[in-house]
Structures are given as C-alpha cells and as structure tokens.
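Read the structure below first, then the notes.
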Amino acid sequence: MIVGLVELALILAVVGLLVMGGVALWRALQRDAGGAARLPARARAELASSIAQARWVPGHDEVDGITRVLLRRTYTGLDGRPAVLEERVLDTFPAQDPGWEARFTEAMSNARFRCAYLNAEESP
14 MIVGLVELAL ILAVVGLLVM GGVALWRALQ RDAGGAARLP ARARAELASS
64 IAQARWVPGH DEVDGITRVL LRRTYTGLDG RPAVLEERVL DTFPAQDPGW
114 EARFTEAMSN ARFRCAYLNA EESP
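14 is the number of the first residue of the sequence shown in the working numbering; add one for each residue after it.
This is the structure:
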C-alpha cells in the first residue's frame, strides 16, 4: 500500500514536471514567433502619437570622404532620443573640396528651407 502511494506520488511529480516544461516551452516559442515582446497599450499609444508628430529636420554626415546634407524625418522615441523614420540625401560633395564651407552653408540653407516646406505640407 505504501509502495503504491510512493509510486503514485513519483508519477504525479514526473507528469507535473513535464506539464510545467511544456508550458514554459510554449511561452518561449510564442515570444519568439512575435519578435520582441509587445509593448503595453499605453506605450504603444505614446509611440504612435510620437510617430504621427514626426518632423523633417536637416542633418549632415561624412561617409568615405563625401559630405552628405540630409533631410531626416524624426520622432522622439520612448527613451527620449530622436529616432529616424526616413532619410533623404539632398546634396553631396567631397569633404576635401576647397569651396567646402560655402557649399556646405548653401546646402544646409537649402535643407532648412526644404524641411520647412515638407513640415508645412504635412501639417493638418
């Protein structure tokens, strides 16, 4: 009788461990299938609102000795940092160009004008 109860307890313990392992595996597979963990509803709403308010801003960088003047459509991410939705190259010129400063100033002026135009065009 006691041996039967011990065997029953061991069988129930093994079955319980198998069920717990199966549930843990199922949850892990569900999380991997959806990519990153879903944001809570409030954070999703804040992110959607922030993306809806995205603005065009001028920018510049240098890649392989070429200066690029850019138009970037950015929004403020949940961490408070700017995030880029879209980036367009407005002008490029060599970084070693003797007239670099004049070209850069003119290109940035054009970028500011274009950003103002795009922002006005997208405003409701």
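Just so it is clear, CB atoms sit at the ideal spot from N, CA and C, and this is done for glycine as well.
Just so you know, the alpha carbons of R40 and A56 end up roughly 22 Å apart. From the listed residues R101, V102, L103 and R86, the smallest Cα separation to P95 is found for R86. Within a 10 Å sphere around the beta-carbon of T105 sit fewer than 16 other beta-carbons, which makes this residue exposed.
Separation of the CB atoms of P71 and A133 is rounded to 15 Å, and the pair is thereby denied contact status at 8 Å. Listed in chain order, the beta strand (DSSP E) runs fully inside the segment 52 to 95 are 68 to 76 and 79 to 89, counting runs of at least 3 residues. Straight-line spacing of the CA atoms in Q66 and L25 works out to 57 Å. Looking at the backbone, the Cα of S63 and that of A54 are separated by about 14 Å.
7 Å or more divides the Cβ of R127 from the Cβ of V102.
The beta carbon of L98 lies closer than 6 Å to those of A67 and R86 in the same chain, with the five residues before and after it left out. If you draw a straight line from the Cα of P111 to the Cα of L131, it comes to about 31 Å. Residue environment: W69 is assigned as buried (16 or more neighbouring CB atoms within 10 Å of its CB, all protein chains considered). Judged by their CB atoms, A120 and E75 are not nearer to each other than the 7 Å cut-off. For S122, the enclosing alpha helix (DSSP H) starts and ends at W113 to E135.
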